[in-house]
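Working notes, beginning with the structure itself.
Protein chains: 2
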Amino acid sequence: MKQVSVGVDIGGTNSAIGVVDENGHVLAKDNIKTPDHGDIKQYIEDLSTAIRNLINNAKLINENIEVLGIGIGAPNGNYYNGTIEYAPNLSFEGIVPLADLLKTRFEDLKVVALTNDANAAAIGEMIYGGAKNMKNFVMFTLGTGVGSGLVVNGDLVYGADGFAGECGHTTLVAGGRLCGCGALGHLEAYCSAPGMKRTAFELIAKYNATDSLLADKSFKELNSKMIYDAAVEGDKVAKEVFELTGHYLGQGIADTVHHLSPEAVFLFGGPTAAGDLIFNPTIKSMEDHLLPIFKDKIKILPSELNAGDAAIVGASALVWKEIE
Amino acid sequence: MKQVSVGVDIGGTNSAIGVVDENGHVLAKDNIKTPDHGDIKQYIEDLSTAIRNLINNAKLINENIEVLGIGIGAPNGNYYNGTIEYAPNLSFEGIVPLADLLKTRFEDLKVVALTNDANAAAIGEMIYGGAKNMKNFVMFTLGTGVGSGLVVNGDLVYGADGFAGECGHTTLVAGGRLCGCGALGHLEAYCSAPGMKRTAFELIAKYNATDSLLADKSFKELNSKMIYDAAVEGDKVAKEVFELTGHYLGQGIADTVHHLSPEAVFLFGGPTAAGDLIFNPTIKSMEDHLLPIFKDKIKILPSELNAGDAAIVGASALVWKEIE
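For the record, the sequence lines run as chains F and C.
By my numbering, the letter at position 19 of the first sequence is numbered 20, and the numbering carries on one by one without gaps.
By my numbering, the letter at position 2 of the second sequence is numbered 3, and the numbering carries on one by one without gaps.
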């Protein structure tokens with residue numbers, strides 16, 4: 002029998018589902034709408050049906066598969082309780098006991114577990130990716146927000162209430178930019194994709210940069226891909242956006258290193274596709290902010306998870322981690 | 002048989018030794034000089050003799066004691082290797098395999114273990130103090146520097162190389178005050194006892210405060226006890242020093258909470274004796290910097306370890322922790 006797990010990634014618009022083998026290969030995948038009307042009963046019904054269908058599809062290709070469990074990655078996911086709690090980007094209200102609701106429909110499975118999306122990415126890196134042989138590492142996911150997953154002694158850090166690993170909310174600039182959470186100067190306000198856009202606007206204003214390739218874009222239009230393209234063309238503002246983003250990210254990573262002394266820090270998400278443009282200033286800034294005992298020791302590495310499938314692959318990894 | 006452990010606290014000037022019972026009571030204690038000439042062989046000789054004598058003294062009072070092991074707290078102590086590595090305040094050069102050197106002289110004992118002083122304080126809090134029933138908590142020790150010990154799932158976090166828990170080197174103010182480690186704006190440069198003195202000097206300069214009770218003190222003379230005394234007398238500068246110290250400390254603690262989601266944060270050391278003067282602004286600042294999901298959840302508590310004996314008691318706790 003070939004053992005597989007099901008990964009579910011719940012996003013604001015779509016929920017992606019995949020059947021994943023123990024090497025992290027996606028054998029079959031599907032997508033359903035995450036409802037915008039908050040009807041959790043109907044959603045569980047639809048999700049369960051989609052999972053059953055997908056498992057049946059995977060069995061058409063290889064009838065000798067055994068499904069061990071379902072791993073779910075969700076915003077504001079709480080591992081301890083299997084709940085999604087007050088997720089600002091989802092239409093479900095309050096606390097949703099999602100893992101328990103799914104368990105009642107999949108009583109035959111050994112594991113139904115849930116965690117937040119960044120933790121799922123970290124577990125994915127540990128089970129299938131570049132952190133396979135690491136006991137202490139950190140994952141930062143850069144996207145609309147900045148998430149993080151912390152691994153200490155081979156285990157995810159969940160903390161007292163299940164919400165540990167919110168390194169995107171480290172204060173980098175006292176009294177600085179407004180963060181989505183309402184506080185000021187957090188890392189997420191500088192190093193997320195929207196944070197890069199804010200940096201671009203600040204720099205255009207600072208230099209009165211009418212000649213920048215980004216000067217004809219409105220705040221609504223501009224995105225991090227455009228900043229990347231402009232940087233590749235040699236645009237000064239765009240290049241400085243990457244310098245500053247790396248500077249801020251390196252400062253935040255240094256704070257995390259001082260807490261946990263990880264072997265490596267993995268970066269995942271859109272902005273990391275810029276390669277050296279983002280990695281070089283990040284590494285330099287981290288080193289500048291570190292205690293001597295940590296200098297030249299900590300690797301900053303790109304995630305080895307395939308960007309397209311990472312969310313479902315990461316979620317599926319939770320099943321192997323639970324069984325282990 | 003009454004089981005006991007020996008705690009050794011190695012400081013720059015003195016090494017304190019104590020025989021401690023499982024409730025954290027010191028049954029006997031002694032002090033020897035930590036040499037200023039770097040002769041480790043002679044020091045191990047002297048330390049071993051002092052430990053043997055102290056154990057014999059304790060047995061004179063109660064012959065039914067069984068010594069389980071020796072726990073050592075030391076600056077730059079590395080738990081994994083049992084070494085003291087490049088400690089700036091000690092005269093020993095390079096890497097000293099202190100635990101191994103002691104083991105060869107105490108082969109009859111089950112445990113000879115070493116960690117850094119702030120980690121020892123955290124283990125002390127967990128074994129004997131206010132964190133007895135906690136699995137996830139953090140200890141900050143405020144003194145000449147700022148140390149920290151992090152506990153996740155009931156275990157100290159040591160990280161990949163044994164040096165985790167350096168939260169005193171979180172960057173609070175980008176490009177801010179010079180820290181003893183050479184970097185800028187670290188928590189230790191603001192919240193240690195010398196950091197409070199620096200804040201007092203900045204405020205005296207800012208307000209041209211000739212009427213402050215602290216205005217007749219030189220930088221060399223001024224200490225945190227004087228600042229406390231002046232604050233109690235209502236001195237405006239001194240009171241603002243505590244406000245600002247709490248503000249900075251709360252910002253740093255919020256960063257730590259975002260990493261680890263602890264149940265509580267314990268504060269230990271001279272400046273914490275000021276009670277509400279330091280705790281109130283610290284709590285307020287932490288709350289201001291926290292994500293909504295963490296607000297009104299995290300306790301900031303004074304350490305329950307007896308200040309006079311805490312270092313040896315904390316070191317001795319390492320033995321119980323190892324045996325457990």
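Every residue gets a Cβ at the ideal spot worked out from N, C-alpha and C, and that includes glycine.
Is the beta carbon of residue i less than 8 Å from the beta carbon of residue j?
i	j	result
leucine 204 of chain C	glycine 186 of chain C	no
proline 98 of chain C	alanine 88 of chain C	no
leucine 102 of chain C	glutamate 167 of chain F	no
alanine 265 of chain F	histidine 290 of chain C	no
alanine 59 of chain C	valine 147 of chain C	no
isoleucine 324 of chain F	lysine 111 of chain F	yes
leucine 215 of chain F	aspartate 236 of chain F	yes
isoleucine 11 of chain F	threonine 35 of chain F	yes
phenylalanine 269 of chain C	threonine 142 of chain C	yes
glycine 70 of chain F	alanine 318 of chain F	no
alanine 51 of chain C	isoleucine 62 of chain C	no
alanine 210 of chain C	phenylalanine 243 of chain C	no
serine 262 of chain C	aspartate 256 of chain F	no
proline 282 of chain C	glycine 251 of chain C	yes
glycine 39 of chain C	glutamate 108 of chain C	no
asparagine 120 of chain C	tyrosine 81 of chain C	no
phenylalanine 164 of chain C	isoleucine 18 of chain F	no
Would you say residue i lies against chain F (beta-carbon separation less than 8 Å)?
i	result
valine 152 of chain C	no
lysine 237 of chain C	no
glutamate 240 of chain C	Before going on, a small fix: residue 240 of chain C reads as lysine here, not glutamate. It does not; no Cβ of chain F falls within 8 Å.
glutamine 4 of chain C	no
If we ignore side chains and look at the alpha-carbon of each, how far apart do residue i and residue j end up?
i	j	result
isoleucine 279 of chain F	serine 219 of chain F	24 Å
alanine 114 of chain C	glycine 315 of chain C	12 Å
glycine 25 of chain F	tyrosine 129 of chain F	6 Å
glycine 150 of chain C	glycine 8 of chain F	36 Å
histidine 259 of chain F	threonine 84 of chain C	19 Å
aspartate 118 of chain F	tryptophan 321 of chain C	38 Å
methionine 135 of chain C	methionine 127 of chain C	7 Å
valine 152 of chain F	glutamate 64 of chain C	46 Å
arginine 53 of chain F	glutamate 46 of chain F	11 Å
methionine 2 of chain F	aspartate 22 of chain F	11 Å
glycine 13 of chain F	lysine 198 of chain F	21 Å
leucine 188 of chain F	histidine 170 of chain F	6 Å
lysine 133 of chain C	alanine 122 of chain C	13 Å
isoleucine 56 of chain F	aspartate 310 of chain F	17 Å
glycine 155 of chain C	aspartate 156 of chain F	13 Å
serine 16 of chain F	alanine 312 of chain F	10 Å
lysine 352 of chain C	alanine 201 of chain C	Outside the modelled stretch of chain C, which goes from 2 to 325, sits residue 352 of chain C, for which no answer is possible.
glutamate 234 of chain F	asparagine 137 of chain F	38 Å
threonine 116 of chain F	isoleucine 73 of chain F	6 Å
methionine 227 of chain F	aspartate 277 of chain F	17 Å
aspartate 230 of chain C	glutamate 86 of chain F	47 Å
Spell out whether any CB of chain C is found under 8 Å from the CB atom of residue i.
i	result
leucine 184 of chain F	Note on identity: in this sequence residue 184 of chain F is alanine, with leucine being the wrong assignment. Yes - at least one Cβ of chain C is within 8 Å of the one on alanine 184 of chain F.
valine 174 of chain F	yes
threonine 145 of chain F	no
phenylalanine 267 of chain F	no
histidine 26 of chain F	no
Starting from the beta carbon of residue i, find every residue of chain C whose beta carbon is closer than 9 Å, and list them in chain order.
i	result
cysteine 168 of chain F	Asp256, His259, His260
Which chain C residues are close to residue i, counting only those with a beta carbon under 7 Å from its beta carbon?
i	result
glycine 160 of chain F	Asn137, Leu261, Ser262, Pro263
histidine 290 of chain F	Thr172, Ala184
I want to verify the contact list: residues of chain F whose CB lies under 7 Å from the CB of residue i, in sequence order.
i	result
alanine 165 of chain C	His260, Leu261, Ser262
threonine 1 of chain C	One cannot answer for residue 1 of chain C here, as it falls past the ends of chain C, which runs 2 to 325.
**OP:** Would you list, in chain order, the members of the segment 293–312 of chain C that have their beta-carbon closer than 8 Å to a beta-carbon of chain F?
**Re:** If the cut-off is 8 Å between Cβ atoms, the segment 293–312 of chain C has Pro293, Ile294, Phe295, Lys298 near chain F.
Subject >> Cβ-based contacts, 8 Å cut-off: residues of the segment 41–62 of chain F near chain C >> reply: Hits within the stretch: zero.
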